[in-house]
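Engineer: Structure in C-alpha cells, see below.
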Amino acid sequence: MSDKPLGKQTHEDAVSNPKTEEMAKNRDDGYGKYLTSNQGLRVNDDQNSLKGGERGPSLLEDFLFREKMTHFDHERIPERVVHARGVAAHGYFEAYGNATHLTKAHFLQPGVVTPVFTRFSTVAGSRGASDLARDVRGFAVKFYTQEGVYDLVGNNMPVFFIQDSIKFPDFIHAVKPEPHNEIPQGASAHDTFYDFISANPEATHMLLWAMSDRALPRSLRMMEGFGVHTFRFVNAEGKWRFVKFHWKPKLGTHSVLWDEAQQISGKDQDFHRRDLWANIEMGAYPEWELGVQVVEEEDEHKFDFDLLDATKLIPEELVPVQLIGKMVLNRNVDNYFAETEQVAFCLSHIVPGIDFSNDPLLQGRLFSYLDTQLKRLGGPNFHEIPINRSLAPVHNNQRDGHMRQTINKGQVAYGPNLLNDQYPKQAPQSEGGFSSVYERVEGPKIRRRSKSFIDFYSQARLFWNSQSEPEKAHIVKALRFELSHVQTPWIRERTLAQLTQVDHDLASRVAEGLGMDVPSTEGMQLNYGAIGADDKAADFQSAPAKDNVGSSPHLSLAADSPINQDKGSVKTRQIAILATDGADVAAISELMKTFMEQGAQTAIVATHLGTLKGKGGEEILINWTFQSTSSALFDAVYVAAGAQSVRKLKQDFDAVRFVNEAFRHCKPLAASAEGVELLQAAAYPGAEGILDAEGVVTSDSTDVAELAEEFATAIKQHRFFSRELEAVPA
Ligand code: HDE
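194 is the number that UniProt numbering gives to position 194 of the sequence shown; each next residue is one higher, with no gaps.
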C-alpha cells in the first residue's frame, strides 16, 4: 500500500501544524499583485462599468461587471439552523498517552500531537446575534488525525433538553424566535419556549443548567465542554467501555451576571469573539484538558439513571474524570467564511478506537449533521473544502457532484473490481480499517420511550442542591426574568408546577417574584412529551424527585468548587485603571507593569481620550473613555491616586457609575490614596458598605507594591458574591 504508515508526529510538527501547511495552497492575500477576473484576466478599470456613452445605459457586454456582481449576489450561504453564531480557532491536541489501555485511537497514543480546529457557538441566535445571550454554548472540535477526521461535537453543559432526536425540530422551533413576528432574537424568554418546557418535563434538568451561570460564560476560554452522550472507547484487544467526554479549561470556569451580560450585549456584542481572537493574537493561548469518565460494559445498569439518556450526567464523585490530553488553540483563522463558516462538523466523523452508543439522541444526530451540511454547503463534496479536508489520504469510489475538486483517474469507480486489482481496497482492522463494535442487538420494533428514562426530576434536584447560595439566587432571578417575559399566565403556572417537582423552595422563590402562588399539581398532566397517541399518560409520568439525591460539588462554579481548585489566576484578566489628568502616573505605570508581568491586561479609562498628563507632568496613553466602555467589560477596577484626577472623576457621573456597577457586579476593586474617595462617592443605595466589603482593597499610601499583591489575590477569586445585594438588577 502506498499510503504513508501511521507515524509518530512530534510536538514541533504540530505547533507548525500540518493542517495549516496543507491549506497553504488555498491561501491568497493579493498583496503586490494586479487585480484580475476569476479567469486570471488583468483588469484595467474596476471603477467604471461599461456604458453606451458617458451618461448612457450600461451594456450587457460588461462581463467584468457581471462576474463581480454575480459573485457578490451569491456570497451568502444558509446560516446553520442552530449554532449559527460562532467563532473558531486552530490549535493542537497532545495526548498524555495514558489512555492506551482504553482506546486504540491513534491520536490518543503516547506522544501523538494532532492539529485541531475548534468552533464555539451560541445555539438560538442568528449569525448577527449577541455573544452574551443566555444560551448553551457549542464546543465542537475537529481533530485532523492520521486515521481521518474525528469530530467531537459537544456543548458547555453536560446534558440536553430532550431524550429522543425526533423531538429536536419541535424543541428548536419552540426556542427560536416565534414564527409569526420573529421575536425574540437569541433569547429563550418567550411563550413558545416555556410552553414546550411546561409540557416536556424531560427538559427540566437542562432548563436549570440554562438558567444557571453556565449560560453566561465570562469567556469561551473559561468554560467546560462536554460530549454529552455516552460514547464507547475500544482498545486494541477489542474490549469496549462506555465513556463520557469532558473538556476542562486551564483558567477555571467563570461566568458573568445577567445584568452584566445585558450591558455587554449593548457595549460590545462581539465580546466573546473579540476576547478569543485578542488572546490568541497576543499569545495567551487558551488551553483545555480532555478528560473521560469510563464505565465498564458490565456496569451499564449499576446507576439509578440510564447511561443512554442524554438528560442525565454521571456525577464526577461517582466516576472521576481521568485527564488524557490537552488542547491548545494557538492560531486565529485567516478568513472567517472560508474556515469558521464552512467548517462542517458531523458526529459520524469517527476513528477506530471510538464508537457510538445507542443513545437515541446521538443516533438521530448521526443523521442530521451530514444532512444539514449537504444543504448548507450545497452538495456532497463539502469534505473537499480546505478546512474540512482530511489529513489522512482519501480514496474511494464516490464520484462527481457539485464543485468536485478531486480528479479521479482511471476507468474503475466501483468495487469489487478486478480491473484495478481491487483498489481502493478495504482495510483490515490491523491496518486501521474501522469496524463497529460487535454487539448482539434484539428487540421488538417499537416507538416507545424506555421506562429507564422516566425520572425527570431527580438530577434536576441534584443540580439545584449542588449550587452555592449565590448560584441558586442567580437561577431564581433568571427564571423570574424569563417567566416575566412569558405572556400566557397558565404557561408560567405550568412551569412553576415543573419546578416544584424539583424543589419547593426553588418554585416558591420564583413564584414570589412573579406575584404568584406555587400551583398544586394535583390532577395536572405534567408530561405530554414522551407519549404516543395510544400510550397511557400515567405510564410515563415521572415520580417526584428522589429525596436522597445529595449534591455533586463538581457542578458548582463557586471559587472553592473542585472544578476551580488551584486554577485561580490573574492571567488574561482585564483591569480598568480609572484616572484622568493629575493622576499619579508613576504609580499607574508600576501597577501596570506588575500586572502585565503576571499576564493580566490593563487599560486606562479616563474622562477624555488621548494623553493623560500626570501630576508631575509625566504622560501616559489613555485607552478608553467612560462613554466608550463600561465596567461590564472588565474583571476588576483600580482607582489611581492623585487629588486633581479624583476630584474630576467624582464629578463625572459615568465614572462614579463605573465603580458602582463594578461593585454591584461583585468584582474586585482597589484604590490608592485619594482614589478611595471615588469608591466612597460610588456608595449610593445598595453599595453603602463598599469600603468594608470583601474584595475591596484600599491603601492610604501611593506605593502600589503591597496593594497590587492583595488586589491580585482578589482577582484570582473572580467574584465576591457575598456582597451581592437585592439592589443588583435581575
Ligand atoms: Fe446539534 N446540530 N443537534 N447538538 N450541534 C447542529 O449541524 C442536532 C445537540 C452542536 O460549530 C447542526 O452543522 C440534532 C447536542 C454543536 O458547526 C444540526 C440534535 C449537542 C453544533 C444539529 C442536536 C449539539 C451543532 C446545525 C438532537 C451537544 C455546532 C448546523 C438530536 C452534544 C457545530 C450543523 C458547529 C449543530 C442537529 C443536539 C452540539 C442541525 C438533530 C445534544 C456544537 O445538524
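C-beta atoms are modelled at their ideal positions from N, C-alpha and C, and glycine is treated no differently.
#1: What residue range does the beta strand (DSSP E) around proline 249 cover?
#2: Could you tell me if histidine 349 is buried or exposed, where buried requires 16 or more neighbouring beta carbons within 10 angstroms of its beta carbon?
#3: Are alanine 124 and alanine 203 close, meaning C-beta to C-beta below 9 Å?
#4: Mind checking whether leucine 308 and leucine 216 have CB atoms under 9 Å apart?
#5: Going by other Cβ atoms of all chains shown within 10 Å of its Cβ, with 16 needed for buried, is methionine 592 buried or exposed?
#6: Once the 5 residues before and after leucine 207 are set aside, which same chain residues still bring their CB inside 6 Å of it?
#7: So is the beta-carbon of phenylalanine 168 under 8 Å away from any non-hydrogen atom of the ligand HDE?
#8: Using a 10 Å radius around the Cβ and a threshold of 16 neighbouring Cβ atoms, would you call asparagine 44 buried or exposed?
#9: Measuring from the CB of valine 175, is there a heavy atom of the ligand HDE at a distance below 8 Å?
#10: What three-state label does DSSP hand methionine 327 in the structure shown?
#11: If we call anything under 9 Å between Cβ atoms a contact, is serine 121 one with histidine 74?
#12: CB of leucine 361 to nearest heavy atom of the ligand HDE: below 8 Å?
#13: Mind checking tyrosine 34: buried by the 16 CB within 10 Å criterion, or exposed?
#14: Looking at the secondary structure, which residues open and close the beta strand (DSSP E) in which proline 115 lies?
#15: Can you give the Cα-Cα distance for aspartate 517 and leucine 578, rounded to whole angstroms?
#16: What are the residues that DSSP puts in a beta bridge with isoleucine 354?
#17: Buried or exposed: which applies to histidine 205, given that a residue is buried once 16 or more other Cβ atoms fall within 10 Å of its Cβ?
#18: Just how far apart, CA to CA, sit proline 177 and glycine 266?
#19: Can you give me the Cβ contacts of valine 585 inside the same chain, cut-off strictly under 6 Å, excluding the 5 residues immediately before and after it?
#20: Pull up the distance between the alpha-carbon of valine 728 and that of glycine 686, whole angstroms please.
#21: Per the DSSP calculation, glutamine 574 is bridged to which residue(s)?
#22: I want to check one thing, is the minimum distance from the CB of aspartate 306 to the heavy atoms of the ligand HDE below 8 Å?
#23: Do serine 121 and the ligand HDE come close, with the Cβ less than 8 Å from some heavy atom?
#24: Take isoleucine 622 as the anchor and find which of Phe595, Trp288 and Asp581 has the nearest alpha-carbon.
#25: Please state if the CB of tryptophan 247 and the CB of leucine 290 are separated by a distance shorter than 9 Å.
#26: Over what stretch of residues does the beta strand (DSSP E) that includes alanine 88 continue unbroken?
#27: Measuring only the C-alpha atoms, how far is serine 58 from arginine 66?
#28: Taking the beta strand (DSSP E) that leucine 612 falls in, what are its first and last residues?
#29: Taking Cβ positions, are valine 486 and histidine 190 nearer each other than 9 Å?
#30: Threonine 145 lies in the alpha helix (DSSP H); which residues open and close that run?
#31: Whole beta strand (DSSP E) runs in the region 657-700 with 3 or more residues, listed along the chain?
#32: With DSSP collapsed to three states, give me the class of aspartate 13.
#33: Can you determine whether any heavy atom of the ligand HDE sits closer than 8 Å to the C-beta of glycine 125, and answer yes or no?
#34: Kindly indicate which residue of Glu22, Leu669, Asn548 and Leu678 has the alpha-carbon position closest to the one of valine 696.
#35: In whole angstroms, what is the alpha-carbon distance linking isoleucine 324 and glycine 252?
#36: Assuming valine 659 contacts valine 676 under a Cβ cut-off of 8 Å, what Cβ separation, rounded to an integer in Å, is found between them?
Structural biologist: According to the structure data:
#1: Sequence index remark: in the sequence shown, residue 249 carries index 249 (1-based). 240-249 is the extent of the beta strand (DSSP E) around proline 249.
#2: Taking the sequence shown and counting its residues from 1, one reaches residue 349 at position 349. Result: buried.
#3: For the purposes of this step, residue 124 is taken as the residue at position 124 of the sequence shown. For the purposes of this step, residue 203 is taken as the residue at position 203 of the sequence shown. Contact flag unset, no.
#4: For this step, residue 308 is matched to residue 308 along the sequence shown. For this step, residue 216 is matched to residue 216 along the sequence shown. Not a contact, by the Cβ cut-off of 9 Å.
#5: On the sequence shown, position 592 is the one that residue 592 refers to. Burial call: buried.
#6: To locate residue 207, count along the sequence shown from 1; it is residue 207. Excluding its 5 nearest sequence neighbours in each direction, leucine 207 has C-beta neighbours in its own chain below 6 Å: Ile197, listed in chain order.
#7: For this step, residue 168 is matched to residue 168 along the sequence shown. In this structure, the ligand HDE has a non-hydrogen atom nearer than 8 Å to the beta-carbon of phenylalanine 168.
#8: Along the sequence shown, read from residue 1 onward, the residue named residue 44 stands at position 44. Burial call: exposed.
#9: Against the sequence shown, residue 175 aligns to sequence position 175. No, Cβ of valine 175 sits at least 8 Å from all heavy atoms of the ligand HDE.
#10: Here residue 327 is taken as the residue at index 327 of the sequence shown, counted from 1. Here methionine 327 sits in strand by DSSP.
#11: For the purposes of this step, residue 121 is taken as residue 121 along the sequence shown, with counting starting at 1. For the purposes of this step, residue 74 is taken as residue 74 along the sequence shown, with counting starting at 1. The answer is no: Cβ separation not under 9 Å.
#12: The residue labelled residue 361 in the question sits at position 361 within the sequence shown. Yes, since a heavy atom of the ligand HDE falls inside the 8 Å radius drawn around the Cβ of leucine 361.
#13: Locating residue 34 in the sequence shown gives position 34, where the first residue counts as 1. Around the CB of tyrosine 34, fewer than 16 other CB atoms lie within 10 Å, so the residue is classed as exposed.
#14: Indexing the sequence shown from 1 puts residue 115 at position 115. Here the beta strand (DSSP E) through proline 115 covers 113-122.
#15: Start at 1 with the first residue of the sequence shown, and residue 517 comes out as number 517. Start at 1 with the first residue of the sequence shown, and residue 578 comes out as number 578. Aspartate 517 and leucine 578: Cα-Cα distance of roughly 46 Å.
#16: The sequence position of residue 354 within the sequence shown is 354, counting from 1. Its beta-bridge partners are Phe233.
#17: Walking along the sequence shown from the start, residue 205 turns up at place 205. Per the 10 Å Cβ criterion, buried.
#18: Locating residue 177 in the sequence shown gives position 177, where the first residue counts as 1. Locating residue 266 in the sequence shown gives position 266, where the first residue counts as 1. Taking the straight line from one Cα to the other gives about 20 Å.
#19: Translated into positions along the sequence shown, residue 585 becomes position 585. Excluding residues within five positions, the ones whose Cβ falls inside 6 Å are Gly614, Glu618 and Ile620.
#20: Reading the sequence shown from its first residue, position 728 is the one you call residue 728. Reading the sequence shown from its first residue, position 686 is the one you call residue 686. Because the pLDDT at valine 728 is just 43, under 50, the model does not fix this residue reliably, and the point stays unresolved.
#21: As a position in the sequence shown, residue 574 is number 574, starting the count at 1. Looking at the DSSP assignment, glutamine 574 forms a beta bridge with Gln601.
#22: Mapped onto the sequence shown, residue 306 falls at position 306. Checking every heavy atom of the ligand HDE against the Cβ of aspartate 306, none is found closer than 8 Å.
#23: Position 121 of the sequence shown, counted from the start, is the residue given in the question as residue 121. Result yes, Cβ under 8 Å from the ligand HDE.
#24: One-based indexing of the sequence shown puts residue 622 at position 622. Cα-wise, what sits closest to isoleucine 622 is Asp581.
#25: Residue 290 sits at position 290 when you count from the first residue of the sequence shown. Residue 247 sits at position 247 when you count from the first residue of the sequence shown. Cβ distance < 9 Å, so leucine 290 and tryptophan 247 count as in contact.
#26: In the sequence shown, residue 88 corresponds to position 88, counting from 1. That run of the beta strand (DSSP E) goes 86-95.
#27: As a working mapping, residue 58 is identified with position 58 in the sequence shown. As a working mapping, residue 66 is identified with position 66 in the sequence shown. For serine 58 and arginine 66, the distance between alpha carbons rounds to 11 Å.
#28: Taking the sequence shown and counting its residues from 1, one reaches residue 612 at position 612. Here the beta strand (DSSP E) through leucine 612 covers 611-613.
#29: On the sequence shown, position 486 is the one that residue 486 refers to. On the sequence shown, position 190 is the one that residue 190 refers to. It is a contact, given that the beta carbons lie within the stated cut-off.
#30: Residue mapping note: residue 145 aligns to position 145 of the sequence shown, counting from 1. For threonine 145, there is no enclosing alpha helix (DSSP H); the enclosing beta strand (DSSP E) has its first and last residue at 137-145.
#31: 669-672 and 696-699
#32: For this step, residue 13 is matched to residue 13 along the sequence shown. Residue confidence is low: aspartate 13 scores 47 on pLDDT, short of 50, so the model does not pin down where it sits. No coordinate-derived value is stated.
#33: Residue 125 sits at position 125 when you count from the first residue of the sequence shown. No, the ligand HDE has no heavy atom inside 8 Å of this Cβ.
#34: As a working mapping, residue 696 is identified with position 696 in the sequence shown. The shortest Cα separation from valine 696 among Glu22, Leu669, Asn548 and Leu678 belongs to Leu669.
#35: Against the sequence shown, residue 324 aligns to sequence position 324. Against the sequence shown, residue 252 aligns to sequence position 252. Their Cα atoms are separated by approximately 18 Å.
#36: Along the sequence shown, read from residue 1 onward, the residue named residue 659 stands at position 659. Along the sequence shown, read from residue 1 onward, the residue named residue 676 stands at position 676. The Cβ separation is near 11 Å, so there is no contact.
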